[in-house]
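The block underneath contains the structure these notes are about, expressed in structure tokens.
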Amino acid sequence: MPEIAPPTVSVCIPTYQGAAHIGAAIESVLNQSLVDFELVIVDDNSSDDTVALVKRYLDPRIRILQNISNLGPQGNWNRCLGEARGTYFKLLPQDDLLAPHCLAKQVAILEQDRAQDIALVFSARTIVDARARPLMVRGYAEGRTGVIGAQRLIRHCLRSGTNLIGEPGSVMFRRQLAKSVGLFDASIPYVLDLDYWFRLLLQGDSYYLQETLASFRVSHGSWSVAIGVKQSVDYRRFIGKISRNGNFSTRRIDIISGNIMAELNKYMRLIFYRLILR
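Count along the sequence shown starting at 1, add 27, and that's the number in the numbering used here.
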């Protein structure tokens with residue numbers, strides 16, 4: 028039998044108890060203008076109707092995999108990484124959505140980068156509520172569409188005390204690069220994604236798209252909301268981890284500013300969640 032060519036993109040959805048919103052996430056992938064993708068859904072031993080709902084979709088580009096025991100976010104994200112076959116990789120949390128041209132526009136940037144100087148592409152994203160109603164747009168305040176140097180982006184994230192790059196749905200990178208970067212590490216849970224973005228940025232620069240190409244959902248069931256009270260503690264731990272790694276060339280002002288802003292951001296998030304989730 029001839030070997031089947033790998034897809035251009037692997038979109039992977041790690042899911043656990045995701046029945047409430049995973050259908051919308053799947054639909055947002057199936058509605059992409061770029062059609063050469065695989066959609067890999069890895070269920071982390073859910074007890075709700077997640078798997079039954081996913082199996083209703085008969086599109087041949089979809090693969091549904093089930094963990095025989097619960098692996099947690101780190102294990103499930105890493106299984107997604109291991110199962111992907113595409114040239115490019117995007118992780119899409121079960122609550123989140125992609126805009127129709129997300130894959131096409133991010134792939135175009137990486138395809139044009141013949142020298143492979145770009146380690147990741149990221150975009151602005153819309154924050155939506157449980158009913159997918161837009162609440163606000165978040166983007167990279169100090170950048171317009173184009174290349175942003177790795178060290179500049181890392182330093183800005185550290186000083187801001189938050190993840191300016193964004194949630195996984197807004198990010199795409201070459202799957203081959205993961206072989207150099209390694210696996211996701213949830214030893215500091217809140218920065219599971221940002222830790223990986225920083226490690227990718229040790230391999231090259233970033234490219235930012237001002238267009239909102241993904242939506243990040245905040246609701247009572249969101250993992251990010253569930254760990255919200257730990258965010259400032261985890262971010263300060265992350266700053267300490269990065270400052271001890273000489274590859275990141277951190278400065279004292281980065282550390283001081285980051286620790287102050289992480290604490291301020293905690294209260295801003297708590298107020299924001301309280302207002303929209305009441």
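Quick reminder that beta carbons are idealized off the backbone N, C-alpha and C, glycines included.
Give the list of continuous alpha helix (DSSP H) stretches no shorter than 4 residues that lie fully inside the region 83–169. Runs found: 99–110 and 129–139.
Which residue comes first and which comes last in the alpha helix (DSSP H) that contains Thr-42? Looking at the DSSP string, Thr-42 is not in any alpha helix (DSSP H); the run it does join, the beta strand (DSSP E), is 36–42.
C-alpha distance - Arg-244 paired with Leu-229, whole-angstrom precision: Looking at the two C-alpha atoms, the distance is approximately 29 Å.
Tell me the start and end of each unbroken alpha helix (DSSP H) in the region 225–289 that is at least 4 residues and wholly inside, in chain order. As far as the region 225–289 is concerned, its whole alpha helix (DSSP H) runs of at least 4 residues are 250–253 and 258–270.
Along the chain, where does the alpha helix (DSSP H) that runs through Glu-54 open and close? Run containing Glu-54: 49–57, per the alpha helix (DSSP H) assignment.
Can you tell me whether Ala-79 is buried or exposed, with buried defined as 16 or more other CB within 10 angstroms of its CB? Flag for Ala-79 reads exposed.
For Asp-88, I'd like the list of residues in its chain whose CB is within less than 7 Å of its CB, leaving aside the five on either flank, ordered along the chain. Here residue 88 is Arg; the residue named in the question, Asp, does not match the sequence. So the list reads Phe-64, Glu-65 and Leu-66, once near-sequence residues are dropped.
Give the DSSP-derived three-state secondary structure of Asp-70 in the structure shown. Of the three classes helix, strand and coil, the one that applies to Asp-70 here is strand, per DSSP.
I'd like to check one pair, Leu-221 with Ser-150: are the Cβ atoms closer than 9 Å? In this structure, Ser-150 lies away from Leu-221, with their beta-carbon atoms at least 9 Å apart.
Determine the closest residue to Leu-227 out of Ser-246, Leu-240, Ala-177 and Ser-270, with distance taken between C-alpha atoms. Taking Leu-227 as reference, the option from Ser-246, Leu-240, Ala-177 and Ser-270 with the minimal CA-CA separation is Ala-177.
Looking only at its own chain, which residues have a Cβ that is under 6 Å from the Cβ of Arg-90, when we skip the five neighbours before and after it? Result list for Arg-90: Val-67, in chain order.
Check whether chain B comes within 9 Å of Gly-166, counting only Cβ atoms and requiring the distance to be less than that. Note that chain B does not occur in the displayed structure, where there is just one protein chain.
So, helix, strand or coil for Arg-171, using DSSP? Here Arg-171 carries a coil assignment [DSSP, helix/strand/coil].
Val-78 by DSSP, collapsed to three states: which one? Helix at Val-78.
Going by beta carbon distance, what residues of the same chain come within less than 7 Å of Ile-254, once the five residues before and after it are set aside? Here Ile-254 scores only 49 on pLDDT, less than 50, and its place in the model is too uncertain to base an answer on.
Rounded separation between Val-252 and Asp-232 - CA only: Only weak support exists for where Val-252 lies, its pLDDT of 47 falling under 50; the coordinates are left without a value.
Which class does Val-208 belong to by DSSP, given the choice of helix, strand or coil? In the structure shown, Val-208 sits in a helix (DSSP, three-state: H, G or I).
Beta-carbon within less than 8 Å of Phe-116's beta-carbon, same chain only, minus the 5 sequence neighbours each way: which residues are those? Closer than 8 Å at Cβ, skipping near neighbours: Val-36, Ser-37, Cys-39, Leu-108, Met-199, Phe-200, Arg-201, Arg-202 and Ala-205.
Determine the burial state of Lys-293: buried for a count of at least 16 other Cβ atoms within 10 Å of its Cβ, exposed for fewer. Residue burial is scored here from C-beta neighbours: Lys-293 has at least 16 other C-beta atoms within 10 angstroms and is therefore classed as buried.
Name the two residues that bound the continuous alpha helix (DSSP H) containing Arg-202. Unbroken run through Arg-202: none, as it is neither H nor E.
Distance check for Pro-41 and Val-148, CA to CA, integer angstroms please. Each residue's Cα considered, the two are about 20 Å apart.
N- and C-terminal bounds of the alpha helix (DSSP H) containing Ala-46: No alpha helix (DSSP H) contains Ala-46, which DSSP labels as neither H nor E.
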